[in-house]
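Participant: Here's a structure for you.
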Amino acid sequence: MWVGVGDARVLPFVPASPRRGTRAPERSDGDQFIFHLRVMTDLDLSFFTWELVSGYLIKGFVYSVQLTLVAMVGGIFFGTLLALMRLSSHKWLQWPSALYVNTMRSVPLVMVILWFFLLIPFLTGKPLGAEWSAVITFTAFEAAYYSEIMRAGIQSVARGQVYAGYALGLNYGQTMRLIVLPQAFRNMLPVLLTQTIILFQDTSLVYAIGAYDLLRGFTTAGRNFNRPVESFLLATLVYFVICFSLSLLVKRLQKRIAIVR
Amino acid sequence: MSWDWQFFLRDIGDGETTYFDWMISAWGWTLSVSACAWVVALVFGAVVGTLRTAPKPWVANLANVWVELFRNIPLLVQIFLWYFVVPALIPPLQKVPSFVMVVLALGFFTSARIAEQVRAGIQSLSRGQRYAGLALGLSLPQTYRFVLLPMAFRIVLPPLTSEAMNIIKNSSVAFAVSISELTMFAMQAQEETSRGIEVYLAVTSLYIATTLVVNRVLAFIESRVRVPGYVGGGR
């Protein structure tokens, strides 16, 4: 039994555009959307105005950036803890960390976003809203990826450094905090930042739960101005410019901080 | 809270398809999107990655533009681009089924990442290999065909394994353009039955099982073709 693409029922999540009146719930928003697109061939860029930016994009952009930064800081913090657990000599610390990281890494991000959106109201007792749910999800999800980077970073620090720390009379915590982790961060900084660029791209997936991020700003504007094609093109351009310039910065940084060995 | 798995055997409203049938067909869509996109990604990734090491600067630069372009735009935006924008700008493509557009989007997105690894693989070979090939009188394409690429592909197999797993995970983004794959199924079955946890558990297990199988199969191939003396190789 093969349910075809044609009879797929369309997302119930897509919020109604304010311009359109009430519509039957089964009527797919997507169909009308496609219809508008299919009849249009010439581009009209006249809606690229300040009103577009201030009314639709700024709110989404600020949210995407906030989400990225919070998830980066939180992810690196918890990721480092996970990495330390994974590298500890205690079995009971190792396997929960390994289980968490491997599970997160083998499930699609969209599914993780959906899981948290479903489970958080159960745990907290009240719905938290898509925006906050996404913040928690991305922190938890990215922690798994950052932890693999930090694990490689910690392992890239020569064993002798650890022994030197112990020989100086430092305990485990001091050795890690003062000797190993600073070097691990420095070695891994370009990789951590590259992962952050990927994280910024991935924040667009909050589309699945309807949070208002940068991409949602573009799709909403595209609907309200009835110019979805141009709106998607502009979205592509904006994302590309941001990610490409960040990746150039990371490359320059990588050259500057590379340790000569 | 109590379990209720029985809804999987209830029909979805058309009198003959059960939720279980729907899930299996959704799994089929996930697998076929991933498999087709994987072929596209391998072909384009291998070609672009090879061209990036070409001696002619304009060829290498063109290939670099390809990689940067597809790497710096979020996958979801690329899927929208292929699904909504490309057919609007190129009317003949409007008849192409959305499945093909999603496969192209996912394939090209992944091809940039594969190209990066293929390039790294070729450049990890010592430059003497290229010179040896040329000194034997092989043309440049022959050097690539008989000397460089066979080695490079065996070296890049481990990172390709993780890309194969990524492509299955990334195929979930196709939910956004109404391909009825697993994530789409999860969202709609959750909405209709309100048994979110059971639906998500089933779908998540299918994803994990699929990536695991792909991982094992490729690990087996990897162990058969690995190059002695290189990372993870030898014996």
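Listed in order, the protein sequences are those of chains A and B. Take 1 as the starting number for the first sequence in this note's numbering and just add one per residue. Take 262 as the starting number for the second sequence in this note's numbering and just add one per residue. Note that CB positions come from ideal geometry on N, CA and C, so glycine has one too. Predicted model only: the values in this text are computed from it and were never measured.
1. Over what stretch of residues does the alpha helix (DSSP H) that includes Phe200 (chain A) continue unbroken?
2. Going by DSSP, what residue range makes up the alpha helix (DSSP H) through Phe481 (chain B)?
3. Mind checking who Thr220 (chain A) pairs with in its DSSP beta bridge?
4. Apart from the five residues on each side of it in sequence, which residues of its chain come closer than 8 Å, Cβ to Cβ, to Ser455 (chain B)?
5. Could you tell me whether the region 376–384 of chain B touches the region 304–323 of chain B, where touching means 3 or more Cβ pairs closer than 8 Å?
6. When DSSP labels each residue in this structure, what does Thr139 (chain A) get in the three-state scheme?
7. Determine the DSSP secondary structure at Thr279 (chain B), reduced to helix, strand or coil.
8. Using a Cβ-Cβ distance under 8 Å, would Ala143 (chain A) count as near chain B?
9. Residue range of the alpha helix (DSSP H) that Glu442 (chain B) falls in?
10. How long is the line joining the alpha carbons of Thr103 (chain A) and Ser432 (chain B), rounded to whole angstroms?
11. Using the Cα positions of Ala24 (chain A) and Glu453 (chain B), report the straight-line distance between them to the nearest angstrom.
12. Short of 9 Å Cβ to Cβ, which residues in the region 461–478 of chain B face chain A?
13. Which chain A residues are close to Gly457 (chain B), counting only those with a beta carbon under 7 Å from its beta carbon?
14. Got a sec? Which residues, its chain only, sit under 7 Å from Tyr100 (chain A) by beta carbon, not counting five neighbours each side?
15. Count the other CB atoms within 10 Å of the CB of Trp266 (chain B); is the residue buried (16 or more) or exposed (fewer)?
16. Between the region 289–306 of chain B and the region 476–487 of chain B, do at least 3 Cβ pairs fall closer than 8 Å?
17. Tell me where the alpha helix (DSSP H) around Val363 (chain B) begins and ends.
18. Could you tell me which residues DSSP puts in a beta bridge with Asp272 (chain B)?
19. If I follow the unbroken alpha helix (DSSP H) through Ser64 (chain A), where does it start and stop?
20. Using beta-carbon positions only, say whether Gly398 (chain B) and Ala298 (chain B) come within less than 8 Å of one another.
21. Have a look at Met1 (chain A) and Gly274 (chain B) and give me their C-alpha separation to the nearest angstrom.
22. Looking at the structure shown, is Gly394 (chain B) part of a helix, part of a strand, or coil, going by DSSP?
23. At a cut of 8 Å, does the region 334–344 of chain B reach the region 198–207 of chain A through at least three beta carbon pairs?
24. Beta carbon of Ile340 (chain B), beta carbon of Ala366 (chain B): below 8 Å?
Facilitator: Once the coordinates are examined:
1. Note, Phe200 (chain A): alpha helix (DSSP H), 181–202.
2. Note, Phe481 (chain B): alpha helix (DSSP H), 457–486.
3. Per DSSP, none; premise fails for Thr220 (chain A).
4. Around Ser455 (chain B): no qualifying Cβ.
5. The region 376–384 of chain B is in contact with the region 304–323 of chain B.
6. It is helical.
7. The three-state reading of DSSP puts Thr279 (chain B) in strand, counting E and B together.
8. Taking 8 Å as the threshold, the shortest C-beta distance from Ala143 (chain A) to chain B does not fall below it.
9. Run containing Glu442 (chain B): none; DSSP gives neither H nor E here.
10. Computed Cα separation, rounded: 18 Å.
11. A caution first: Ala24 (chain A) carries a pLDDT of 37, below 50, which makes its placement in the model too unreliable to give a value.
12. Residues Tyr461, Val464, Thr465, Tyr468, Ile469, Thr472, Leu473, Asn476.
13. The contact set of Gly457 (chain B) on chain A, defined by CB atoms closer than 7 Å, consists of Leu118 in chain order.
14. Taken in chain order, the residues that qualify are Leu82, Ala144.
15. Under the 10 Å beta carbon count, Trp266 (chain B) is surrounded by fewer than 16 other beta carbons and is classified as exposed.
16. As far as the Cβ criterion goes, the region 289–306 of chain B does not touch the region 476–487 of chain B, which means the pair count is below three.
17. First-last of the alpha helix (DSSP H) with Val363 (chain B): 359–385.
18. Asp272 (chain B) is bridged to B:Thr279.
19. Annotation: the continuous alpha helix (DSSP H) that includes Ser64 (chain A) extends over 58–87.
20. No. Outside cutoff.
21. At Met1 (chain A), the pLDDT of 37 sits below 50, so the modelled position is not reliable; the number obtained from the coordinates is stated separately. Taking the Cα positions, Met1 (chain A) is about 15 Å away from Gly274 (chain B).
22. It is helical.
23. Counting C-beta pairs with one atom in each stretch, the region 334–344 of chain B and the region 198–207 of chain A have three or more that are closer than 8 Å, which means they touch.
24. Contact: yes.
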